[in-house]
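In this note's numbering, the protein residues as written are 2 to 88.
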């Protein structure tokens, strides 16, 4: 998946970085960066916190069926989820 909306990727990255407290790795997070299972900071509680932060930042609502392992697989897949809710 190739995302062309770099501003949205940057916005989602900033929410991920702030929520997970991974400021020291912010520059390494690109759309293909694995998240779930690769970032120890992204545990089940952090997923809930991240969803809440994304909903607040983008004024969107996630449904239960949106919360899948695939959605949190990479920064790109998470950005695509946000983008789908903004459409």
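Think of the CB as a built atom: it goes at the ideal place given N, C-alpha and C, for glycine as much as any other residue.
Each residue's CA atom was taken as its position, placing residue 59 and residue 83 some 8 Å apart. In terms of Cβ geometry, residue 52 and residue 17 do not form a close pair [threshold 9 Å].
The beta carbon of residue 37 is closer than 7 Å to those of 43, 70, 73 and 74 in its chain, skipping five residues each way along the sequence.
The C-alpha of residue 88 lies about 32 Å from the C-alpha of residue 25.
Between residue 76 and residue 32 the beta-carbon gap is near 5 Å, inside 8 Å, which marks them as a contact. Under the three-state reduction of DSSP, residue 80 is assigned to helix. Our two residues, residue 15 and residue 61, have alpha carbons roughly 17 Å apart in a direct line.
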